[in-house]
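Beneath this line is the structure, given in structure tokens, with notes to follow.
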Amino acid sequence: GAVVSQHPSRVICKSGTSVKIECRSLDFQATTMFWYRQFPKQSLMLMATSNEGSKATYEQGVEKDKFLINHASLTLSTLTVTSAHPEDSSFYICSATFRGRTYEQYFGPGTRLTVT
Amino acid sequence: GENVEQHPSTLSVQEGDSAVIKCTYSDSASNYFPWYKQELGKRPQLIIDIRSNVGEKKDQRIAVTLNKTAKHFSLHITETQPEDSAVYFCAATNGNQFYFGTGTSLTVIP
Numbered sequence: 055g056a057v058v059s060q061h062p063s064r065v066i067c068k069s070g071t072s073v074k075i076e077c078r079s080l081d082f083q084a085t086t087m088f089w090y091r092q093f094p095k096q097s098l099m100l101m102a103t104s105n106e107g108s109k110a111t112y113e114q115g116v117e118k119d120k121f122l123i124n125h126a127s128l129t130l131s132t133l134t135v136t137s138a139h140p141e142d143s144s145f146y147i148c149s150a151t152f153r154g155r156t157y158e159q160y161f162g163p164g165t166r167l168t169v170t
Numbered sequence: 014g015e016n017v018e019q020h021p022s023t024l025s026v027q028e029g030d031s032a033v034i035k036c037t038y039s040d041s042a043s044n045y046f047p048w049y050k051q052e053l054g055k056r057p058q059l060i061i062d063i064r065s066n067v068g069e070k071k072d073q074r075i076a077v078t079l080n081k082t083a084k085h086f087s088l089h090i091t092e093t094q095p096e097d098s099a100v101y102f103c104a105a106t107n108g109n110q111f112y113f114g115t116g117t118s119l120t121v122i123p
């Protein structure tokens, strides 16, 4: 099946710094990528939907200036957490769908972000 | 937008017993309902799904039922095994965004 990778798998950063997380579809062209945030023992909360070449659509309550999403190509989307604070510590997961099979969502392995 | 509710939040069963997890959704435009299993610190894995034109689907020990009129769908796991212990999420989508339930932490007691 289709494979989605994320990098890094874990990152620890200091408060006030920015962190970039990459999401790549390895063997298919992803028309849409989704970014989720997951707190311990909680559900996946959709943060934004990203289509290649267009601006991301953010869910209500998600600060677009804080969580910058770039979908520069059909195989790469990036999430940058700007001026990170301890409350941004979470598990961030991306997923991708591709043309003609928009009901099949392929998840990345997730990135554990810890802000100290 | 869509609102997906899931119950129970935690579920403990004896090995060999059945487990049932229920979800409701609000948007009648949703037409695809997947179920995911997620182990701690790992990505969700699709275990079964159902489309709105089907009432029931079964895959070995796992089955899903859908009641479109009532807007609810359920996951049934029979003959549970310790390796079934995980968090299970339901989801609903109309082919655009996916909306997830709040999750059920299933523990199968040997």
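Sequence order for the protein chains is A and B. Per my numbering, the very first residue in the first sequence carries number 55; after that it's consecutive. Per my numbering, the very first residue in the second sequence carries number 14; after that it's consecutive. All C-beta atoms in this analysis are idealised placements derived from N, C-alpha and C, irrespective of residue type, glycine included. Here the structure is a predicted model, which is why all the values come from computation and not from measurement.
Integer-rounded CB distance, given that residue j should sit under 8 Å from residue i
i: residue 58 (chain A); j: residue 160 (chain A); result: 5 Å
i: residue 100 (chain A); j: residue 112 (chain B); result: 7 Å
i: residue 30 (chain B); j: residue 115 (chain B); result: With a Cβ gap of about 23 Å, residue 30 (chain B) and residue 115 (chain B) do not count as contacting.
i: residue 119 (chain B); j: residue 24 (chain B); result: 5 Å
i: residue 77 (chain B); j: residue 48 (chain B); result: 6 Å
i: residue 149 (chain A); j: residue 88 (chain A); result: 5 Å
i: residue 94 (chain A); j: residue 55 (chain B); result: Going by Cβ atoms, the distance from residue 94 (chain A) to residue 55 (chain B) rounds to 14 Å, so no, they are not a contact pair.
i: residue 166 (chain A); j: residue 79 (chain A); result: Between residue 79 (chain A) and residue 166 (chain A) the Cβ distance is about 21 Å, and since that is not below 8 Å, they are no contact.
i: residue 170 (chain A); j: residue 68 (chain A); result: 6 Å
i: residue 65 (chain B); j: residue 81 (chain B); result: 6 Å
i: residue 90 (chain A); j: residue 147 (chain A); result: 5 Å
i: residue 117 (chain B); j: residue 57 (chain B); result: The Cβ separation is near 13 Å, so there is no contact.
i: residue 52 (chain B); j: residue 95 (chain B); result: Wrong, their Cβ atoms sit about 12 Å apart, outside the cutoff.
Strand pairing of residue i, partner residues [DSSP]
i: residue 61 (chain A); result: A:76
i: residue 101 (chain A); result: Partner(s): none; residue 101 (chain A) has no beta bridge.
i: residue 120 (chain B); result: B:25
i: residue 58 (chain B); result: B:50
i: residue 35 (chain B); result: B:20 and B:87
i: residue 93 (chain A); result: The partner list for residue 93 (chain A) (beta bridge, DSSP) is empty, contrary to what the question assumes.
i: residue 112 (chain B); result: B:105
i: residue 71 (chain A); result: Per DSSP, none; premise fails for residue 71 (chain A).
i: residue 152 (chain A); result: A:84 and A:155
i: residue 80 (chain B); result: B:85
i: residue 169 (chain A); result: A:67
i: residue 134 (chain A); result: A:74 and A:122
i: residue 69 (chain B); result: B:78
i: residue 110 (chain A); result: According to DSSP, which records beta bridges pairwise, residue 110 (chain A) is partnered with nothing at all.
Proximity of residue i and residue j at Cβ, strictly below 7 Å
i: residue 122 (chain B); j: residue 32 (chain B); result: no
i: residue 67 (chain B); j: residue 38 (chain B); result: no
i: residue 105 (chain B); j: residue 41 (chain B); result: no
i: residue 35 (chain B); j: residue 101 (chain B); result: no
i: residue 84 (chain A); j: residue 145 (chain A); result: no
i: residue 61 (chain B); j: residue 72 (chain B); result: yes
i: residue 77 (chain A); j: residue 131 (chain A); result: yes
i: residue 123 (chain A); j: residue 104 (chain A); result: yes
i: residue 106 (chain A); j: residue 125 (chain A); result: yes
Interface partners of residue i on chain D, CB under 7 Å
i: residue 108 (chain B); result: Of the protein chains in the structure, A and B, none is chain D.
Using Cβ-Cβ distances below 9 Å, what residues of the segment 82-105 of chain B are close to chain A? Here the close residues are 100, 102 and 104.
Within the chosen definition, does the segment 68-78 of chain A reach the segment 133-141 of chain A through at least 3 CB pairs nearer than 8 Å? Short answer: they touch.
Can we say the segment 103-121 of chain B touches the segment 88-104 of chain A, given the rule of at least three CB pairs closer than 8 Å? At 8 Å Cβ cutoff, the stretches touch.
Listed in chain order, which residues of the segment 126-157 of chain A have Cβ atoms closer than 7 Å to some Cβ of chain B? Result list: 147, 156 and 157.
Along the segment 96-109 of chain A, where does the CB come closer than 9 Å to a CB of chain B? Name the residues. For the segment 96-109 of chain A, which is checked against every Cβ of chain B, the residues closer than 9 Å are 96, 97, 98, 99, 100 and 103.
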